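**Q**
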Amino acid sequence: MKYVAAYLLAVLGGNATPSASDISKILSSVGIEVDNARLDSLITELKGKNLQELIEAGRGKLSAVPAGGASAGAAPAAGGSAPAAAAAGGAPAKKEEPKKEEKKEESEEEDMGFGLFD
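Numbering (the numbering used here), first residue to last: 40 to 157.
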């Protein structure tokens, strides 16, 4: 992603077809070590293509991807009503379940094998 971002920065800066050295300069200016194999792959994939058309095609593909917003919003609403029910005299809420969910989220992040700014 950082290579694509550097490519887009070069294009926005007025360079319609940035070279590998242009992108390397951008990345090294912020302290990122350049992987030449990835950079060369990006350059060959984007060579001769209209960047605006690629962005529009990608935007169309992303609009078809389900985001799961409905189920994520329903879970906190249900979890939020449980403590209210307990305060009103209902069954007591279990405090161990949220801790398990937090541990699960951490393990999911570790399994991805990359960081946001790698």
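The C-beta atom is built at its ideal place from N, Cα and C for all residues, glycine as well. Fair warning: this is a prediction, and the values are worked out from it, not measured in the lab.
Around the Cβ of PRO57, are there at least 16 other Cβ atoms within 10 angstroms (buried) or fewer (exposed)?
**A** buried
**Q** Exposed or buried, what is ALA45 when buried is set at 16 or more other beta-carbons lying within 10 Å of its beta-carbon?
**A** buried
**Q** If you follow the alpha helix (DSSP H) that ASP74 is part of, which residue opens it and which one closes it?
**A** Taken as a continuous stretch (DSSP letters only), ASP74 belongs to no alpha helix (DSSP H), as it is neither H nor E.
**Q** Could you check the C-alpha separation between TYR42 and THR83 for me, to the nearest Å?
**A** Taken atom to atom, the span from the alpha-carbon of TYR42 to that of THR83 is near 13 Å.
**Q** What does the Cβ neighbour count give for ILE65, buried or exposed, with the cut at 16 atoms within 10 Å?
**A** buried
**Q** One question on the structure: do ALA76 and ILE62 come within less than 8 Å of each other, judged by their Cβ atoms?
**A** no
**Q** Counting only the same chain and skipping the five closest in sequence on each side, list residues whose C-beta sits under 8 Å from that of LEU81.
**A** TYR42, VAL43, TYR46, ILE62
**Q** Please report how far the alpha carbon of GLY99 lies from the alpha carbon of VAL73, in whole angstroms.
**A** 30 Å
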